[in-house]
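Below is one structure, written out as C-alpha cells; comments come after it.
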Amino acid sequence: MKNSLIALSKDAVSSLRDLAPIVLVIAVFQGFVIQQPVHGFLSLVFGALLVVAGLTFFIFGLRIALFPIGEEIAHSLARKGSAVWLFSFAFVLGFGTTIAEPALMAVAGEAAKVAVDAGAIENNEEAIANYALGLRLVVALSVGVALMLGVFRILTNWSLPLMIISGYILVVVVTAVAPSEIVGIAYDSGGVTTSTVTVPLVAALGVGLASSLKGRNPMTDGFGLIAFASLTPILFVLVYGIIMQWI
Amino acid sequence: MDLILEALKFVLNSAKDIAPIVFFLFVFQLLVLRERIPNVNQVLVGFAFVTVGLGLFLVGLEQTLFPLGRLMAQQLTNPEFLHEVSGNSGDSLAWQDFYWVYLFAAATGFATTLAEPALKAVSLKANAVSGGAIGVWGLRVAVAIGAGFGVALGCFRIVTGLPLHYFIAAGYLIVVIQTAMAPRIIVPLAYDSGGVTTSTVTVPLVAALGLGLAEAIDGRSPLLDGFGLVAFTCLFPIISVLAYGQLAVLRQNKAFNGEQKADLREEEDHAL
C-alpha cells in the first residue's frame, strides 16, 4: 500500500512535469506579449487539475496492470518463436493500444467537429460519433499492420530505411489522388498514434524480439517499430478518405 | 451535478475504449501461453485506475488544452494586437507580421519536447546501447530543436496557406538524402524520435493551435488548413537527429585530419 502511494505520487509528479512547460510558455506569452485578461481562468485551472489527475491515474494503472502483462507476453512469445502467434500478437497489440490512445480520441473528436463545421458530415451526434470512431478504427488497423511489418522486418532483417522511404514515396503518390480535406488529418494521425500507451509496449516487443534472436543488435533492430507506426496511419487514412469519397 | 454526470459518461466511454486491449491480453495469456495471470487483484485495480484516469483526462482536456490552444491562436492573430506589434497600420498583413505566432509555436514545441518523459527514456536507452557514444542531452536537444522548428514552420504554412504535402514531400526528400549520408547507427533512432516527441499533452494543444489559427486567419479553412502541425512536429526531429549524427562524424573527421579513410563506415559508427 505504501509503495503504491509512492508510485502514484511519482506518476503525479511526472504528469505535472508534462504540463509544466506548456503552462510556463503560455504564462510568459500571456504576461509579456499579449497582456490581456484571460476569460474563464478558474475553469482552466480546474481543467488542468483534471488533466493532471487523469493522466496520473491512467499511467499508474498502465504501470501496474497493462505493462507487466504486455511485456511478459511479448517476451514469452519472442522466446517461443512461433511466427504466427508473434504476428497476431503484434497486430492485436497495435490495434488495442491505439483504440485506447487518449491523444487519438481527442484529435478524432476535433476532426469530426471540424468536418461538421465545413459541412462534410451531418450535424448530429450519431454522425459525429461515427466519423470519429471510423477514423480511430482505421488508424488502429494501420498501427496493427505497422507492428506486423515491424516484426516481419526484425525477423527477416530487411533494411529499415529502404522500407520506410518506399512507404513515404507511396504516401506522396497517394496524396496526389486523395481528397484534400483528408490530407491534413491523415498526416497528423501519424504522430498522434504513438504516445502514452503504445510506445512502451511496442518498445518492449521490439527490443525483446531483437535480443532473443541471434545476430540481431537491439540498437539497430529494436528501434524502428515506432517509425512504422508513424507511417502506416498516414497511408491508411488517405486511402480511407479516397474510399469514403466514392461511397 | 452536470459535471459529475459528464465525468461518469466519460468514464463509461473510456471503459469501452480500454476493453479491447484488456480482452486481447487476457486471451493471449490464458489461451495461447496457457499461463495464469500473476497478481490478478493488482491487475484489476490497475485497469480501474486506467479507466477512471482516461475519463478524467478527457474531461480536463475539453476544458483546458483545447480552449487554451484556440485562445492563444486567436489572441496572437487579433488584428489590433498584430498592428500594434508590427507597426503595420495598413489593412493587409504580410506573413512576417505574425512573428509572435511563430515564436510561440517554436517555444511550445521546444519546451514540451525537452520535458517529454518518453524522449528521456529513449535517450537513456540509446546512450546505454551505443556504449555512451550518443549523448543523452545532445539527443534531447536535437529532437527539441527539430520539434520547435517543425511547429513554427507548420504555423508559417497555415498563415501563408501553402499546400501541406509540398512541405512534407520536401521534408522526406531531405530525410532520404540525409539517410544516405548519416552514420547507419543513428538512422533507426532518428526515425523513431519523430514519433516519440508528441506526448498526450502536447498533441491536443498543438492541434488546437493549428485549428485556432486556421479559424482566425481570413481565407483559411480549418478542415483544409488547420491540420498538419502534428505531422510537422514528427518530421523535423528526424532531420535534426540525423543532422546531429552527421555533425558528430564531421567533427571526428576533422580531428582525424583526413587520415584513416579505410573502414570509414565503422569509424562513423564510433563517432557517435
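Here the protein sequences come in this chain order: A and B. Sequential numbering of the first sequence, starting at 69, is according to this note's numbering. Sequential numbering of the second sequence, starting at 1119, is according to this note's numbering. Note that the Cβ used here is the ideal one computed from N, Cα and C, for glycine as well.
- Considering only the beta carbon of each residue, do Gly162 (chain A) and Val206 (chain A) sit closer than 9 Å? no
- Item | Ile233 (chain A) at chain B interface by Cβ criterion, 9 Å | yes
- Do the region 1185-1205 of chain B and the region 1322-1341 of chain B make contact, defined as three or more Cβ pairs closer than 8 Å? yes
- Selection from B:Ala1133, B:Phe1216, B:Glu1153 and B:Leu1186 that minimises the alpha carbon distance to Pro129 (chain A): This sequence places Gly at residue 129 (chain A); Pro is not what is there. Comparing Cα positions, the closest option is B:Ala1133.
- Query: Closest Cβ-Cβ distance between Ile1292 (chain B) and chain A: below 9 Å?
  - Reply: no
- Task: Kindly indicate which residue of A:Leu269, A:Leu84 and A:Ile90 has the alpha-carbon position closest to the one of Thr166 (chain A).
- Result: A:Leu269
- Would you call the CB atoms of Leu1183 (chain B) and Ala1326 (chain B) closer than 9 Å? yes
- Which of helix, strand or coil DSSP assigns to Leu1174 (chain B): helix
- Leu217 (chain A) versus Val93 (chain A): straight-line alpha-carbon distance, rounded: 39 Å
- Message: If we define contact as Cβ-Cβ less than 9 Å, is Ser1339 (chain B) a contact residue for chain A?
- Response: yes
- Ordered list of alpha helix (DSSP H) runs contained in the region 1120-1170 of chain B, each at least 4 residues: 1120-1145
- Message: Could you tell me the alpha carbon to alpha carbon distance between Ser1358 (chain B) and Ile302 (chain A), rounded to whole angstroms?
- Response: 22 Å
- Query: Tyr308 (chain A) touches chain B at which residues, Cβ-Cβ below 8 Å?
  - Reply: In chain order: nothing, as chain B lies at least about 15 Å away.
- Can you check the region 78-158 of chain A for any alpha helix (DSSP H) of at least 4 residues that lies completely inside it and give the ranges in chain order? 109-129 and 135-148
- Could you tell me the distance, in whole angstroms, from the CA atom of Gly274 (chain A) to the CA atom of Leu293 (chain A)? 7 Å
- Item | Inter-stretch contact at 8 Å, needing at least 3 Cβ pairs: the region 1172-1186 of chain B / the region 111-127 of chain A | yes
- Should Leu1360 (chain B) and Gln1296 (chain B) be called a contact, given that it needs their Cβ atoms to be closer than 9 Å? yes
- Rounded distance between the beta-carbons of Ala246 (chain A) and Leu306 (chain A), thought under 8 Å: 4 Å
- Item | Inter-residue CB distance, Thr1315 (chain B) and Cys1352 (chain B) (contact presumed, cutoff 8 Å) | 7 Å
- Query: At a Cβ threshold of 9 Å, is Ala88 (chain A) touching chain B?
  - Reply: yes
- Cβ neighbours of Ile132 (chain A) in the same chain (closer than 8 Å, five flanking residues each side left out): Ser72 and Ala75
- Item | Check whether Gly1227 (chain B) and Val1269 (chain B) have beta carbons under 9 Å apart | yes
- Close beta carbons around Gly318 (chain A), own chain, < 6 Å, minus the five adjacent residues each side: Residue 318 (chain A) lies beyond the range of chain A shown here (69 to 315); nothing can be said about it.
- Query: Can you check whether the CB of Glu140 (chain A) is closer than 9 Å to the CB of Gln1160 (chain B)?
  - Reply: no
- Below 8 Å between beta carbons is the criterion; list the residues of the region 126-139 of chain A that meet it against any residue of chain B, in chain order. Phe126, Ile127, Phe128, Gly129, Leu130, Arg131, Ile132, Ala133, Leu134, Pro136, Ile137 and Gly138
- How about Ile190 (chain A): is its C-beta nearer than 9 Å to some C-beta of chain B? The sequence shown places Glu at residue 190 (chain A), not Ile. No, because no Cβ of chain B sits closer than 9 Å to the Cβ of Glu190 (chain A).
- Please say whether Ala146 (chain A) and Ser257 (chain A) have beta carbons closer to each other than 9 Å? no
- Item | First through last residue of the alpha helix (DSSP H) which encompasses Phe304 (chain A) | Leu293 to Trp314
- Within the same chain, show all residues whose beta-carbon is closer than 8 Å to that of Ser390 (chain A), passing over the 5 residues directly before and after it, in chain order. With chain A represented from 69 up to 315, any question about residue 390 (chain A) goes unanswered, as that position is not in the structure.
- Assuming Ile1136 (chain B) contacts Phe1165 (chain B) under a Cβ cut-off of 8 Å, what Cβ separation, rounded to an integer in Å, is found between them? 7 Å
- Query: Quick one: is Thr1318 (chain B) buried, meaning 16 or more other Cβ sit within 10 Å of its Cβ, or exposed?
  - Reply: buried
- Item | Assigned secondary structure, Asp185 (chain A) (DSSP; H/G/I helix, E/B strand, else coil) | helix
- Residues of chain A with CB under 8 Å from Gln1160 (chain B), in chain order? Ile132 and Ala133
- So which residues of chain A does Cys1273 (chain B) contact, with C-beta pairs closer than 8 Å? Simply none; closest approach about 14 Å.
- When DSSP labels each residue in this structure, what does Phe1345 (chain B) get in the three-state scheme? coil
- Task: Check whether the Cβ atoms of Gly1173 (chain B) and Val1129 (chain B) sit closer than 9 Å, and answer yes or no.
- Result: yes
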